[in-house]
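Novice:
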Amino acid sequence: MGGNLVYKILKEHLVEGELKLGASIGIKIDQTLTQDSTGTMTYLQLEAMGIEKVKTKRSIAFIDHNMIQQGFENADDHKYIQTVADKYGVYFSKPGNGICHQIFLERFSCPAETLIGADSHTPTAGAVGMIAIGAGGLDVALAMSGSAYYIKVPKVCKINLVGRLNKMVSAKDIILEVLRRKTVKGGIETIFEYGGEGIKYLSVPQRATITNMGAELGATTSIFPSDENTLNFLKSQDRISDWKELKSDDDAIYDEEITINLTELVSLVAKPHSPDNVESVKNLEGMKIDQVAIGSCTNSSYEDLMKVAKILKGKKVYKDVSLVIAPGSKQVMEMIARNGALADIISAGARVLENSCGPCIGMGQSPKTDGVSLRTFNRNFYGRSGTLSAKIYLVSPEVAAISAINGYLTNPTDYNVDFSDIKVSKFIVDDSMIISPSTDRKEVQVKRGPNIKPFPVNTKLFKNLKGSIILKVEDNITTDHIIPSNSKLLPFRSNIPYLSEYCFNTVDKEFPKRAKEQLGGFIVGGDNYGQGSSREHAALVPLYLGIKGVIAKSFARIHKANLINSGIIPMTFENEEDYKKICLLDKIYIDNILENLHEKFFCVSNLTQSTNFKVKVELTNKEIEILKAGGKLNYTKLQGGENNE
Ligand code: MIC
Ligand code: SF4
497 MGGNLVYKIL KEHLVEGELK LGASIGIKID QTLTQDSTGT MTYLQLEAMG
547 IEKVKTKRSI AFIDHNMIQQ GFENADDHKY IQTVADKYGV YFSKPGNGIC
597 HQIFLERFSC PAETLIGADS HTPTAGAVGM IAIGAGGLDV ALAMSGSAYY
647 IKVPKVCKIN LVGRLNKMVS AKDIILEVLR RKTVKGGIET IFEYGGEGIK
697 YLSVPQRATI TNMGAELGAT TSIFPSDENT LNFLKSQDRI SDWKELKSDD
747 DAIYDEEITI NLTELVSLVA KPHSPDNVES VKNLEGMKID QVAIGSCTNS
797 SYEDLMKVAK ILKGKKVYKD VSLVIAPGSK QVMEMIARNG ALADIISAGA
847 RVLENSCGPC IGMGQSPKTD GVSLRTFNRN FYGRSGTLSA KIYLVSPEVA
897 AISAINGYLT NPTDYNVDFS DIKVSKFIVD DSMIISPSTD RKEVQVKRGP
947 NIKPFPVNTK LFKNLKGSII LKVEDNITTD HIIPSNSKLL PFRSNIPYLS
997 EYCFNTVDKE FPKRAKEQLG GFIVGGDNYG QGSSREHAAL VPLYLGIKGV
1047 IAKSFARIHK ANLINSGIIP MTFENEEDYK KICLLDKIYI DNILENLHEK
1097 FFCVSNLTQS TNFKVKVELT NKEIEILKAG GKLNYTKLQG GENNE
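All residue numbers for the sequence shown refer to this note's numbering, where the first residue is 497 and numbers rise by one.
#1: CB-CB under 7 Å to His509, same chain, minus the five flanking residues each way: which ones, in chain order?
#2: Give the secondary structure of Ala614 by DSSP, where H, G and I count as helix, E and B as strand, and everything else as coil.
#3: Starting from Ala844 and walking both ways along the beta strand (DSSP E), at which residues does that stretch end?
#4: Between the alpha carbons of Thr528 and Thr552, how many angstroms are there, rounded?
#5: With DSSP as the reference, identify every bridge partner of Phe1018, one or two as the case may be.
#6: On the CB-based measure, 16 or more other CB atoms within 10 Å of its CB, does Ser718 come out buried or exposed?
#7: Do you know how far the Cα of Thr909 is from the Cα of Ile1122?
#8: Which residue's Cα is closest to the Cα of Lys922: Gln827, Ser990, Arg1010?
#9: Does the beta carbon of Gly1028 fall short of 7 Å from some heavy atom of the ligand MIC?
#10: Ends of the beta strand (DSSP E) at Thr705?
#11: At a cut-off of 7 Å, is Ser921 close to the ligand ATP when judged by its beta-carbon and the heavy atoms of the ligand?
#12: So, using beta-carbon positions, are Phe558 and Ile599 closer together than 8 Å?
#13: Is the region 1031-1047 in contact with the region 959-969, if contact means three or more CB pairs nearer than 8 Å?
#14: How about the region 780-788 and the region 539-548: do they share at least three Cβ pairs that are nearer than 8 Å?
#15: Is DSSP giving Val762 helix, strand or coil here?
#16: Which of the three DSSP states is assigned to Arg1031 in this structure?
#17: Nearest to Ser818 by alpha carbon, out of Cys793, Asn902, Thr759, Asn779?
#18: Expressed to the nearest angstrom, what Euclidean distance is found between the alpha-carbon atoms of Pro607 and Thr906?
#19: Could you spell out the range, first to last residue, of the alpha helix (DSSP H) harbouring Thr955?
#20: Comparing the CB of Arg1053 with every heavy atom of the ligand MIC, is any distance shorter than 7 Å?
#21: How about Leu1039 and Lys968: are their beta carbons less than 8 Å apart?
#22: Give the straight-line distance between the Cα atoms of Glu512 and Lys648, rounded to the nearest whole angstrom.
#23: Spell out the partners DSSP gives Val587 in its beta bridges.
#24: Any C-beta of chain D sitting closer than 8 Å to the C-beta of Ala839?
#25: By the DSSP assignment, the beta strand (DSSP E) with Lys651 in it spans what residues?
#26: With burial defined as no fewer than 16 other Cβ atoms inside 10 Å of the residue's Cβ, what is the status of Ser555: buried or exposed?
#27: What do you reckon, are the CB atoms on Ile965 and Asp1082 nearer than 8 Å?
#28: Does the Cβ-Cβ distance between Phe1000 and Tyr994 come in under 8 Å?
#29: Cβ atoms of Phe873 and Thr975: under 8 Å apart, would you say?
#30: When the distance is taken between beta carbons, is Gly692 closer than 8 Å to Leu713?
#31: In this structure, does DSSP put Val940 in helix, strand or coil?
#32: Give me the residue from Val774, Asn1102, Arg834, His977 with the minimum Cα distance to Met802.
#33: Any heavy atom of the ligand SF4 closer than 7 Å to the beta-carbon of Ile595?
#34: Can you tell me whether DSSP reads Ile978 as helix, strand or coil?
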């Protein structure tokens, strides 16, 4: 097979393996990105690799998540990241410069290159024709040290966009439609390649909304061709030399194709508590709302905020609604400040937040008890907003802004707002908040505050495994369930012992205590276990609590990789009936796991119920060796260095 965009880029970057569906391949990584809540762990691991300087074409450390600074922890972690970046030759984007994915798109994205990032929404850069993949921090650190990044060659699903969006229906509705059809697990081991005549009406920022939220499908990534719209975008960012045409061949082959008729698309909304719980806005119109939040890496571009400003101009936010807006970057904020749109937003009564992730990750603006919040974000997982009883609905900026004025969910199609003059031919380009690394790196002192604690490292795998089932959970458990993020916990991302007290807090508050009492053990999960973020804390914290393996119906891609990297064995039930039978605190025993890992299926004894059941492991030979070594860091050391993978 050949000729599609995905295979063209993978072929150019292939360093190991054969480019055929399902095979394990190693690809060369051109660029990496980290953000602050995953970054501290990533750089601690990079330091442990003993290299002198990063070996990528470019690596960037962003500060955008952990911004409240209610104690010393955030500021200390930011200083650590800034100094460690300087030491290892990494660019540093200062707090206030904006959200990593928005800035990366504006200032660093390059068609036909590869990117991995310690954040699940790294695929945003697929909007310019990059293969951009979210990964655990350790994999990003390894890429910085010059190692290849390993993936299973995913299937390529072409999404044919035909027709043209109606006014007030937007890119957000396209990706919500894909989620409606494919669900949150419909993209596992898949790359979505967008094409068709409809794409010519989509600007790069609109495409970025789609590739960004492709993460919610569980996809490896999503990609658009690099065409004239890409050229215009890069030109307007003063980066014409980064443009390169990238298109699929006319006879390109795909593993699957689906078509979306944009002309027929209507405004959509994802209901609580899952991004695939999609229905038309019309069906829910009139629902009373308490809060509207506009921003996040999905919908905080200049175009998005200009639409919002035009809708709000001369109007007032409804008396019972709190409207908050967080622009995606300094560039966006400065543009709307200089052209007066920000004044229209402020005059309407919006609360303007700084350029960061903010409420998207529960850093402030938690809704009131039982509150209904409309958000332009990408995730509405249970508890993520910081208020357990809140109901979060995901919508487009158009729906959000009009609803904020009315006080209830509103179908925007009857509104006639003129967006025709929003196009921009030249952005304000000012990279002064991106600090280049020092030339004299030897002199740089890495500053470590007291919040930075050592990360746990596993031991070599024992011959036999024995332990209790410490937790049994349902389908679609997210990393937000495993290790919640909010303004109280995010400052402790470099402090695994502290975080461990909150592991599975929204599901079962007793879990950490039980894990300690039982001296560790196993977790039983449902389908799509570990969906959502890339945070390796969702593996490192269970490791710290003694978890040896997770037996689930199926796993989300990044979380499975993070478990393996931590030396925790991901197993799936061969027969789903066994999921039903197994109980909390059952004692299980796995004989000769060292040998069994090489078999596709092996037997687990349930000592409590005096029964046996079969589990499956889907691992490459390298992953088996990583598990035996007790995680990827140990494995890399055993191989004699970071580059001998
Ligand atoms: C998210 O949107 O869930 C996050 C916060 O950006 C995470 C990263 C993290 O947990 O720090 C992600 O998407 O990977
Ligand atoms: Fe930040 Fe939200 Fe985007 Fe994650 S999804 S990177 S928290 S804006």
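The beta carbon of each residue, even a glycine, is placed where N, CA and C say it ideally should be. Every value quoted in this text rests on a predicted model; they were computed, and no experiment measured them.
Specialist: The relevant details are as follows:
#1: Cβ neighbours of His509 beyond the five flanking positions: Ile523, Lys524, Thr610.
#2: Ala614: coil per DSSP, three-state reduction.
#3: Unbroken run through Ala844: none, as it is neither H nor E.
#4: Straight-line Cα distance between these residues: approximately 7 Å.
#5: Paired residue(s): Ile965, Gly1045.
#6: Ser718 is classed as buried because its beta carbon has at least 16 other beta carbons within 10 Å across all chains shown.
#7: Between Ile1122 and Thr909, the C-alpha separation is close to 54 Å.
#8: When only C-alpha atoms are compared, the closest one is Gln827.
#9: Within the cutoff, so yes.
#10: Unbroken run through Thr705 is the alpha helix (DSSP H), 700-709; no beta strand (DSSP E).
#11: In the structure on display, the ligand ATP does not appear, and the ligands it does have are the ligand MIC and the ligand SF4.
#12: Yes.
#13: Contact between the region 1031-1047 and the region 959-969 is present, because at least three Cβ pairs lie under 8 Å.
#14: Segment contact: the region 780-788 against the region 539-548, fewer than three CB-CB distances shorter than 8 Å; contact not assigned.
#15: In the structure shown, Val762 sits in coil (DSSP, three-state: anything other than H, G, I, E or B).
#16: Residue state, collapsed to three classes: coil.
#17: Considering only alpha carbons, the answer is Asn902.
#18: A straight line joining the alpha-carbon of Pro607 with that of Thr906 spans about 38 Å.
#19: Here Thr955 belongs to no alpha helix (DSSP H), and DSSP marks it neither H nor E.
#20: No, since every heavy atom of the ligand MIC falls outside the 7 Å radius drawn around the Cβ of Arg1053.
#21: Against a cut-off of 8 Å, the Cβ pair of Lys968 and Leu1039 comes out as no contact.
#22: Approximately 12 Å between the Cα atoms of the pair.
#23: Before going further, note that residue 587 is Tyr rather than Val in the sequence given. As DSSP reads the structure, Tyr587 sits in a beta bridge with Ile556.
#24: Among the chains of the structure shown, chain D does not appear; only one protein chain is present.
#25: If you look at Lys651, you'll find it in the beta strand (DSSP E) that goes 651-658.
#26: Around the beta carbon of Ser555, 16 or more other beta carbons sit within 10 angstroms, so the residue counts as buried.
#27: Going by beta carbons, Ile965 and Asp1082 fall inside the 8 Å limit.
#28: For Phe1000 and Tyr994, no; Cβs fall outside 8 Å.
#29: Contact flag unset, no.
#30: Taking 8 Å as the Cβ cut-off, Leu713 and Gly692 do not qualify as a contacting pair.
#31: The answer is coil: DSSP assigns Val940 none of H, G, I, E or B.
#32: Closest in alpha carbon position to Met802, among Val774, Asn1102, Arg834, His977, is Arg834.
#33: Yes, Cβ of Ile595 sits closer than 7 Å to a heavy atom of the ligand SF4.
#34: Reduced to three states, the DSSP call for Ile978 is helix.
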